[in-house]
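J.: Each position in the sequence shown, counted from 1, maps to that position plus 4 in the numbering used here.
The beta-carbon is built from N, C-alpha and C at its ideal position, and this holds for glycine as well.
Handing you a structure now.
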Amino acid sequence: SAKDSEHPGASTPVGSANLIYRVLDALASDRETWSKTVLLINFDENDGYFDHVPPPMPPGNAANDADHFNGQPLGFGPRVPMTVVSPWSIGGNVDSTVYDHTSVLRFLERWTGVGEPNISKWRRTVAGDLTGAFDFSRAGRQPRVNRPGPVPAPISRWRPSAPAEQSLPVAEPGNRPSRPLPYQVSVSGVVKSGSLALSLVNSGSSSAHFALYPYKGEFAEPAHRDVRGEAPEVVKLAGDEYRVVVQGPNRSWWELRGNRRGAAAGVDVRTRFLTWRSGVEFKLSNSGTSALTLRLSSSRFTRVVRVGAGRSVTVDWPVSGGWYDVRVTADGDPSFLRTLTARVENGRSGVSC
């Protein structure tokens, strides 16, 4: 009913929590039912709150199809929370695979074998089918469900008494366990013939969506690419300076900034994943005519390397929980910057950032 919906006016968070409690209590109180049940608690919209993560969009302008209207792409909307409750998803894991509402239908496809024809090819490419949220190799114990407090009366709901001592809300500290993801992404770029030659790489088992943002007028509007394998992208520079930001799945983020006439214009920084130990190394190449001193830095330490003209140097970089966040700068060329942020995937569970 409306009073259990969490919509303002007719409902409260406590009222909805009581509804969820009753459902979970009914499922978990019977061992046989619990052993074969998946409960998906899904919100249908985000109430208009700002979302700093850009939603995937189909690339380019196309004729009207399932993902375009009047030549304009129709992509995903803002993110909404989803909770997966089952014997195979306990432990408070975060799954940062890209999903949308059609992912629920695709999960039902996998479970029932009945196909759903109203899901576009592009959405099947970009969004997962929810199976990544589960660890079917083991099943957890039945959960203990805590009963929420009483639903406040309407008059106190609309005229609450402010506490005498107030404080800002505090985010949950630390990291959360995280499910393995089907992406292994990296981005590199170097100036060639007056253009920025980008390489978008994804060696994972599923397609990864990249959003490219021009901050120096390199192209008219943000671009979107779906990549499995390696995809070259030539960006024509509007002037001498360039700044392109690329965002990928699971908080992966790259910034490429510089001057095409700068001393470090010929520097390329490529990522190699050492999955057997969840590590990473960077290959620094200098196609210029002079040797350069490059600095790799994180919040904790800095490495300084000298790269000769026409030479390359490989740097092994430590990670934390598979995560790395590195800035590469060049002595003698203050315009040059490469920022690389991502997580190494090795097929095993990790931690969220």
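1) Could you pull the start and end residues of the beta strand (DSSP E) that residue 316 belongs to?
2) Under a Cβ-count criterion, where at least 16 other Cβ atoms within 10 Å of its own Cβ denotes burial, should residue 19 be classed as buried or exposed?
3) For residue 287, name the three-state secondary structure that DSSP assigns.
4) Report the residue from 37, 273, 144 and 244 whose alpha carbon sits nearest the alpha carbon of residue 321.
5) Would you mind reading off the limits of the beta strand (DSSP E) that contains residue 310?
6) Thinking residue 185 and residue 235 are a contact (beta carbons under 8 Å), I'd like their distance in whole angstroms, please.
7) Below 8 Å CB to CB, which residues in the same chain sit around residue 15 once its five sequence neighbours on both sides are set aside?
8) May I ask you to list the residues that DSSP assigns as paired with residue 192?
9) Return the CA-CA distance between residue 333 and residue 227, expressed in angstroms with no decimal places.
10) What did DSSP end up calling residue 219 once you bin it into helix, strand or coil?
11) Quick check: the Cα distance between residue 49 and residue 289, rounded to an integer number of angstroms?
12) What number of angstroms, rounded off, separates the C-alpha of residue 51 from the C-alpha of residue 83?
13) How would you call residue 281, buried or exposed, if buried means at least 16 neighbouring beta carbons within 10 angstroms?
14) Please report the straight-line C-alpha distance between residue 90 and residue 335, rounded to a whole angstrom.
15) When the distance is taken between beta carbons, is residue 213 closer than 8 Å to residue 173?
16) If the criterion is Cβ atoms closer than 8 Å, does the pair residue 339 and residue 245 meet it?
T.: Considering the structure as presented:
1) First-last of the beta strand (DSSP E) with residue 316: 315–321.
2) Buried is the call here.
3) DSSP places residue 287 in the strand class (E or B) of the three-state scheme.
4) 273
5) Residue 310 -> beta strand (DSSP E) spans 306–311.
6) The Cβ separation is near 19 Å, so there is no contact.
7) 6, 7, 8 and 9
8) 203
9) Their Cα atoms are separated by approximately 26 Å.
10) coil
11) 46 Å
12) 11 Å
13) exposed
14) Going by the C-alpha atoms only, they are around 54 Å apart.
15) no
16) yes
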